[in-house]
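Here's the structure we're looking at; comments come further down.
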Amino acid sequence: NAGSHLSLVMALITLSPILLMASYAVLAVYTRELTVINMWAGQLLCELSNWIVKRAIKQERPNDSVGTGYGFPSSHSQYMAYFATFLVLHLWFRHRFVSTGYWIVDKLFQLLIHAALIGWAAVVAYSRFYLAYHSPAQVLWGVSIGVVFGVVFYLVAELIPTRRPQSVLGRARMLLLTNPVSTWLRIRDGWLVWADGGVEEQWQAWRRAFDRNEAKRA
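This is the structure we're talking about:
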């Protein structure tokens, strides 16, 4: 419906996965965080799996669809489900936000972040049905595959290697962090050192340098 404000909003929301891919690239280059790189690699593998499944099943889109290509499963729904699943698991198992000093505020903030990520993925998935790109089944299967892929990939690439550093996966992760190429590229895992990935430590270092510079000027 070209005259509907809701349709316009849904059309903008449904494009958000495209923006996320650019964000992955920027964050990977800027932070050099192995977790970010792993998440990006998993996202690409998730997209590849969607491409393979679509061409294996060859299920058409709904009759009134404006989209092209096969429709099962919904790639946008799968994309966002993987994104939200991986990130929620990371925030739950490894990341710790700097405390406000109030337990209830900290928990509410964490809950808000989780709800926002899940809600974002859900709205993108719904937009694929609302805009007639996919049937409900195609959307639900996309979400399901994305969630499963996100859980499995997070376990293999992040949780098991960090919880069991002497395992094969743990040793492989350590090799990724310590080999000469990774050292030259400054690849790191901030969460192995800091609970918040180094955000507070970096700010404190900046503030100390800032205060020293201000003291010299005075």
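So in my numbering, spot 1 of the sequence shown is number 833, and the numbers just go up one at a time.
For glycine and all other residues, C-beta sits at the position ideal for the given N, C-alpha and C.
As the structure is a prediction and not an experimental result, all values here were calculated from the model.
Check	Outcome
Let me make sure I understand the geometry here. Which of 1049, 851, 1010 has the alpha-carbon closest to that of residue 912?	851
At the level of alpha carbons, what is the spacing between residue 997 and residue 985?	17 angstroms
Which term fits residue 905, buried or exposed, when burial requires 16 or more other beta carbons within 10 angstroms of its beta carbon?	buried
Three or more C-beta pairs closer than 8 angstroms, one from the region 1013-1027 and one from the region 865-878: is that the case here?	yes
Once DSSP output is grouped into helix, strand and coil, what is the label at residue 990?	helix
Using only the alpha-carbon positions, how far apart do residue 999 and residue 988 sit?	11 angstroms
What number of angstroms, rounded off, separates the C-alpha of residue 1005 from the C-alpha of residue 854?	25 angstroms
In whole angstroms, give me the CA-to-CA distance for residue 1028 and residue 872.	20 angstroms
Using the DSSP secondary-structure output, state which residues sit across from residue 865 in a beta bridge.	1020
With H, G and I counted as helix, E and B as strand and the rest as coil, what does DSSP make of residue 890?	coil
So, at 6 angstroms on beta carbons, what are the nonlocal neighbours of residue 955 in its own chain, with the 5 sequence-adjacent residues on each side left out?	845
Do residue 957 and residue 975 have their C-beta atoms closer together than 7 angstroms?	yes
So, with DSSP's three-state summary, where would you put residue 935?	helix
Residues in the same chain with beta-carbon distance under 6 angstroms from residue 962, minus the five sequence neighbours each way, listed in chain order, please.	842
With residue 923 as the anchor, note down where its alpha helix (DSSP H) starts and where it stops.	907-925
Could you please give the first and the last residue of the uninterrupted alpha helix (DSSP H) stretch that includes residue 1043?	1031-1049
Going by C-alpha to C-alpha distance, which of 887, 883, 1040, 964 sits closest to residue 839?	964
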